[in-house]
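These notes concern the structure reproduced below.
Chains as they are written, first to last, in the numbering used here: chain P, 14 to 292; chain S, 43 to 304.
Below, the structure written as structure tokens:
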């Protein structure tokens, strides 16, 4: 089904890679009530565009990503992927999770190869490709290690290779570098930008770190504190590419934009904390 | 503590215990034997008995029978536990319907089933196998059920995003997870397979370690009972060592507690 659709559709269309239109997300609570996490979210990510969503903790950023991935169905509104309304899992997207999502019983190489094997690629071929991908993320000699033998940063690299080997048209990332230390985050950010530069996929990147968002993205979208979080701001980042994450943070334009966005984000962060404490 | 010292101390525990046992059953204290040899025998007699068993070769037949019974109980109980565990975990409705009966059957002390099995299956090995199966089945079943249920939601979501079909999820996610839980209970389930075999033999059999102990007890041959116990203990240690080796090979992907990162 999807294959025929993909064959008919031209490689690049005018349709947005991801288009959320008036999306509401609601969860049923244990006491029978309904918790409205996200309200009326409208967001377009063009093909080849790198968009970050920034917001205070618990505002529903990850929820929005799960909607785009098709892991969660919206309570209202619709999701279009390259012009086609999403009804099931988003087959065009790769998802890099915040928590550890590697298969602990598979080696690094098997973890990377699995996405191709499930799609029907012969094992030998998939493993050969996986080996190349491991080299691209700088872990060429770690193929026979199991995830527990690797550091957090190395596991994230494997995760990145695991997703990218399938060549998804859309990349969804849920605070992928959140648990890493500052230096590793910077290195991972540059690695991500390098890999992304090669074929410019549409990226939806969720983070709570405004600096990271500005350094990586073409656009930064701000969400308000939950419940019923809304999208309250949308900034274009006019910094030149290719970028180096460490250097770009010294750019005056970076500072101006950071100050401007932070003005809005600050009040939401404070609101978010107040609500978290009241809960 | 160095390895040599540790081994030395471990051996000393056995030597001292045996010495105390020997002295208290051989030499009277204030004209009284603290451990009457009739009830406690003594280490020399026990060793003699064990020597006779091995020298004449009588023991091999009994060891063989117990081993076969335990292995069959383990194999049949495991296969049953895996199948039912998977089935229940994937069909919550079926699991809900059978839940009270599973709990009931598991709460039942399995020894009471032994007479029934003897009636149904006779005095041969199958009545002991059946008893072992009832013990092994539940351990494996609960572990597999848990293993399938407790797959990390993130790993599951990742697998689905990587395009796995329901069958591929089975093979690459649920199955390894369930197996890892099952393997981590390998010591318990193998141990219970032996327990089932020995208890079954004790309650009525024509061969096996349990039978040997029961026969000795029947003629007040305390040395024979102790000898049987020691042989059984050694037998269980050997099996446990084999299980440890197998486990290490199967769970190579698992972190060992306290293991440093290379």
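Every residue gets a Cβ at the ideal spot worked out from N, C-alpha and C, and that includes glycine.
For residue i, the three-state DSSP class (helix, strand or coil)
{"i": "residue 84 (chain S)", "result": "coil"}
{"i": "residue 51 (chain P)", "result": "strand"}
{"i": "residue 182 (chain P)", "result": "coil"}
{"i": "residue 301 (chain S)", "result": "Residue placement at residue 301 (chain S) is poorly supported in this model, since its pLDDT is 47, which falls under 50; the coordinates still yield a value, given next. Here residue 301 (chain S) sits in coil by DSSP."}
{"i": "residue 93 (chain P)", "result": "strand"}
{"i": "residue 63 (chain P)", "result": "strand"}
{"i": "residue 146 (chain S)", "result": "helix"}
{"i": "residue 119 (chain P)", "result": "coil"}
{"i": "residue 224 (chain P)", "result": "helix"}
{"i": "residue 265 (chain S)", "result": "helix"}
{"i": "residue 137 (chain P)", "result": "helix"}
{"i": "residue 101 (chain P)", "result": "coil"}
{"i": "residue 32 (chain P)", "result": "strand"}
{"i": "residue 39 (chain P)", "result": "strand"}
{"i": "residue 155 (chain S)", "result": "helix"}
{"i": "residue 58 (chain P)", "result": "strand"}
{"i": "residue 250 (chain S)", "result": "coil"}
{"i": "residue 293 (chain S)", "result": "coil"}
{"i": "residue 274 (chain S)", "result": "helix"}
{"i": "residue 43 (chain S)", "result": "coil"}
{"i": "residue 288 (chain P)", "result": "helix"}
{"i": "residue 112 (chain P)", "result": "coil"}
{"i": "residue 69 (chain P)", "result": "coil"}
{"i": "residue 83 (chain P)", "result": "coil"}
{"i": "residue 166 (chain S)", "result": "coil"}
{"i": "residue 133 (chain S)", "result": "coil"}
{"i": "residue 231 (chain P)", "result": "coil"}
{"i": "residue 282 (chain S)", "result": "helix"}
{"i": "residue 25 (chain P)", "result": "For residue 25 (chain P), the predicted structure reports a pLDDT of 49, less than 50, and the residue's modelled location is therefore unreliable. The matter cannot be settled from this model."}
{"i": "residue 44 (chain P)", "result": "coil"}
{"i": "residue 19 (chain P)", "result": "Model confidence at residue 19 (chain P) stands at a pLDDT of 43, short of 50, so the residue's coordinates are unreliable; what they give is reported in the following sentence. Looking at residue 19 (chain P) - three-state DSSP - the assignment turns out to be helix."}
{"i": "residue 126 (chain P)", "result": "helix"}
{"i": "residue 131 (chain P)", "result": "coil"}
{"i": "residue 138 (chain S)", "result": "helix"}
{"i": "residue 258 (chain S)", "result": "helix"}
{"i": "residue 270 (chain P)", "result": "helix"}
Sheet register partners of residue i (DSSP bridge)
{"i": "residue 181 (chain S)", "result": "Answer by DSSP bridge pairing: none, since residue 181 (chain S) is not bridged."}
{"i": "residue 107 (chain P)", "result": "P:184"}
{"i": "residue 113 (chain S)", "result": "Paired residues: none, contrary to the question."}
{"i": "residue 236 (chain P)", "result": "P:244"}
{"i": "residue 217 (chain P)", "result": "P:64, P:185"}
Inter-residue CB distance, residue i and residue j (contact presumed, cutoff 8 Å)
{"i": "residue 54 (chain P)", "j": "residue 77 (chain P)", "result": "6 Å"}
{"i": "residue 52 (chain P)", "j": "residue 242 (chain P)", "result": "7 Å"}
{"i": "residue 95 (chain P)", "j": "residue 50 (chain P)", "result": "Going by Cβ atoms, the distance from residue 95 (chain P) to residue 50 (chain P) rounds to 26 Å, so no, they are not a contact pair."}
{"i": "residue 171 (chain P)", "j": "residue 163 (chain P)", "result": "7 Å"}
{"i": "residue 226 (chain P)", "j": "residue 65 (chain P)", "result": "4 Å"}
{"i": "residue 210 (chain S)", "j": "residue 131 (chain P)", "result": "5 Å"}
{"i": "residue 39 (chain P)", "j": "residue 100 (chain P)", "result": "Contact flag wrong, Cβ pair sits at about 19 Å."}
{"i": "residue 278 (chain P)", "j": "residue 235 (chain P)", "result": "6 Å"}
{"i": "residue 282 (chain P)", "j": "residue 69 (chain P)", "result": "5 Å"}
{"i": "residue 90 (chain P)", "j": "residue 37 (chain P)", "result": "6 Å"}
{"i": "residue 119 (chain S)", "j": "residue 178 (chain S)", "result": "3 Å"}
{"i": "residue 196 (chain S)", "j": "residue 34 (chain P)", "result": "Between residue 34 (chain P) and residue 196 (chain S) the Cβ distance is about 28 Å, and since that is not below 8 Å, they are no contact."}
heavy atom of the ligand ADP below 6 Å from residue i C-beta
{"i": "residue 107 (chain S)", "result": "Looking for the ligand ADP in the displayed structure turns up nothing, as the structure carries no ligands at all."}
Proximity test, Cβ basis, 7 Å: residue i and chain B
{"i": "residue 199 (chain S)", "result": "The question asks about chain B, but that chain is absent: this structure's protein chains are P and S."}
* Counting only runs of 3+ residues fully inside the region 242-268 of chain P, write out the beta strand (DSSP E) ranges in chain order. => As for any beta strand (DSSP E) of minimum length 3 sitting wholly inside the region 242-268 of chain P, the runs are 244-249, ordered along the chain.
* Asked: In the region 170-248 of chain S, which residue ranges form an unbroken alpha helix (DSSP H) of at least 4 residues, counting only runs that do not cross its ends?
  -> If we require 4 residues or more, the alpha helix (DSSP H) runs fully inside the region 170-248 of chain S come out as 195-203, 208-211, 217-226, 228-245.
* **Whole runs of the beta strand (DSSP E) within the region 46-106 of chain S, excluding any shorter than 3 residues** => Segments of the beta strand (DSSP E) lying fully in the region 46-106 of chain S: there are none.
* Indicate whether the contact test is met: 3 or more Cβ pairs, each with one atom in the region 201-215 of chain S and one in the region 106-121 of chain P, closer than 8 Å. => The region 201-215 of chain S, when compared against the region 106-121 of chain P, does touch it at the 8 Å Cβ threshold.
* **Ordered list of alpha helix (DSSP H) runs contained in the region 139-215 of chain P, each at least 4 residues** => Runs of the alpha helix (DSSP H) inside the region 139-215 of chain P: 165-177, 195-212.
* **Inter-stretch contact at 8 Å, needing at least 3 Cβ pairs: the region 249-261 of chain P / the region 193-212 of chain P** => By the criterion of at least three beta-carbon pairs nearer than 8 Å, the region 249-261 of chain P is in contact with the region 193-212 of chain P.
* With a cut-off of 8 Å, do at least 3 Cβ pairs link the region 156-163 of chain P to the region 112-121 of chain P? -> The answer is yes - the region 112-121 of chain P touches the region 156-163 of chain P, with three or more Cβ pairs under 8 Å.
* Hey, is the region 104-122 of chain S in contact with the region 228-246 of chain S, meaning 3+ C-beta pairs nearer than 8 Å? -> The region 104-122 of chain S, when compared against the region 228-246 of chain S, does touch it at the 8 Å Cβ threshold.
* Three or more C-beta pairs below 8 Å linking the region 271-278 of chain S and the region 124-132 of chain S -> No: fewer than three Cβ pairs fall under 8 Å.
* Asked: Looking at C-beta atoms only, is the number of pairs between the region 184-192 of chain S and the region 209-229 of chain S that lie closer than 8 Å three or more?
  -> With the cut-off at 8 Å, the region 184-192 of chain S and the region 209-229 of chain S touch.
* **Stretch pair the region 72-88 of chain S + the region 133-150 of chain S: three plus CB contacts closer than 8 Å** => Contact between the region 72-88 of chain S and the region 133-150 of chain S is not established, with fewer than three Cβ pairs separated by less than 8 Å.
* Taking one C-beta from the region 247-257 of chain S and one from the region 59-68 of chain S each time, how about it: are there three or more such pairs within less than 8 Å? -> Judged by Cβ distances under 8 Å, the region 247-257 of chain S makes no contact with the region 59-68 of chain S, as fewer than three pairs qualify.
* To do: Take every Cβ of the region 85-92 of chain S, pair it with every Cβ of the region 52-64 of chain S, and state whether three or more of those distances are shorter than 8 Å.
  => Contact check between the region 85-92 of chain S and the region 52-64 of chain S: three or more CB pairs, one atom from each, fall below 8 Å, which counts as touching.
* To do: Decide if the region 148-161 of chain S is in contact with the region 238-248 of chain S; the criterion is three or more beta carbon pairs, one per stretch, under 8 Å apart.
  => Yes: at least three Cβ pairs fall under 8 Å.
* Should the region 184-199 of chain P be regarded as contacting the region 213-221 of chain P, the criterion being three or more beta carbon pairs within less than 8 Å? -> Judged by Cβ distances under 8 Å, the region 184-199 of chain P makes contact with the region 213-221 of chain P, as three or more pairs qualify.
* Asked: Is the region 220-229 of chain S touching the region 99-108 of chain S in the sense that three or more CB pairs, one from each, lie closer than 8 Å?
  -> No, they do not touch.
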